[in-house]
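In my numbering, the protein residues as written are 9 to 90.
Cβ atoms here follow ideal geometry from the backbone N, Cα and C, with glycine treated the same way.
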């Protein structure tokens with residue numbers, strides 16, 4: 009359960025979740041145990057959005073397919089047969 013405790017940012021002592029200040033040093037700077045997880049989740053979402061944006065951009069800006077020599081010859085044969 010050490011991962012779910014609030015800590016004082018000054019002296020790094022464990023503080024109750026309802027405390028407004030550290031009983032040891034009087035600091036009002038209390039660190040939440042969930043800050044790191046929120047950072048990780050937001051970072052993952054940003055990476056997903058960037059990867060998806062690049063994927064959509066690359067799919068919409070593909071160069072048109074160039075006809076191969078075989079395609080050109082087949083079209084020429086079809087025109088002469090008619």
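Which two residues bound the contiguous alpha helix (DSSP H) that contains residue i?
i          : result
residue 52 : 43 to 68
At the level of alpha carbons, what is the spacing between residue i and residue j?
i          : j          : result
residue 1  : residue 57 : Any question about residue 1 goes unanswered here, given that the chain covers just 9 to 90.
residue 30 : residue 15 : 9 Å
residue 47 : residue 55 : 12 Å
residue 60 : residue 68 : 12 Å
residue 86 : residue 79 : 11 Å
residue 70 : residue 76 : 17 Å
residue 38 : residue 26 : 10 Å
What first and last residue would you give for the beta strand (DSSP E) that runs through residue i?
i          : result
residue 16 : 14 to 16
Tell me which residues share the same chain as residue i and place their Cβ nearer than 7 Å to its Cβ, disregarding the 5 neighbours each side in the sequence.
i          : result
residue 12 : 41
Going along the chain, which residues of its own chain have a beta-carbon closer than 6 Å to the beta-carbon of residue i, five neighbours each way excluded?
i          : result
residue 33 : 18 and 19
At a cut of 8 Å, does the stretch 50 to 63 reach the stretch 19 to 26 through at least three beta carbon pairs?
No: the two stretches stay apart, fewer than three of their Cβ pairs being nearer than 8 Å.
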